[in-house]
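Taking it in order: structure first as structure tokens, then the write-up.
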Amino acid sequence: MEQIDKQKIADAVKVILEAVGENPEREGLIDTPMRVARMYEEVFSGLKKDPSIHFDTIFAEQHEELVLVKDIRFSSMCEHHLVPFFGVAHVAYLPQNGRVAGLSKLARVVDDVSKRPQLQERITTTVAEIMMDKLKPLGVMVIMEAEHMCMTIRGVNKPGTKTITSAVRGAFKNDDKLRSEVLALIKHN
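Structure (structure tokens):
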């Protein structure tokens, strides 16, 4: 698997610093290009991963009731501006035929999908689609809430603004009572 080219990133950061009128050789900035390269290696680590592998191991448990993991913290980088967005994901599913995933696997999928240049809408949809494909549940519901730095530190400058996206599949799509149950549980502290 190809590694991220940290030297190429560091060289590009040095050019950016020069382009904005900074001296990349001054004391406070001299190590910045490589620090940024190491950060990018971390925040884009999902590019080198297949998030669906987290569902390669499924447990046999006769449970066909709601499973909800809420407040999964995540961060990503807006692919339009390369600035962060961050928030929480709520992931619910209805197991079918005894196919249950380890709870940590839901969080791992969210992490892997979010650790690449992204759109919140795509993360939400991708997590739901992976779960439907790999777990074969009766239904999936993914809701993500995030604050986008591209809206808070530039452009419209609206700190605190949240974007909420959802992906609803299977049984959740046509069952208002079931969807309402998930939403109530997400709101419940």
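Going by our numbering, the first residue of the sequence shown is number 1, and it counts up by one from there.
Heads up, the beta-carbon is just placed ideally off N, CA and C, and yes, glycines get one too.
Comparing C-alpha distances from Gly-98 to each of Glu-22, Asp-31, Ser-75, Leu-138 shows the shortest one belongs to Leu-138. In the structure shown, the three-state DSSP call for Val-110 is helix. Bounds of the alpha helix (DSSP H) holding Glu-18 are 6 to 19. Val-142 is positioned such that its CB atom lies closer than 9 Å to that of Val-91. Non-local C-beta neighbours of Pro-159 in its own chain, meaning closer than 6 Å and more than five positions away in sequence, comprise Thr-152, ordered along the chain.
For Ala-184, the uninterrupted alpha helix (DSSP H) run begins and ends at 176 to 187, by DSSP. In the three-state reduction of the DSSP assignment, Thr-57 falls in the coil class, being assigned neither a helical nor a strand state. By the Cβ criterion, the region 32 to 45 is in contact with the region 5 to 19, since at least three pairs of Cβ atoms, one from each stretch, lie closer than 8 Å.
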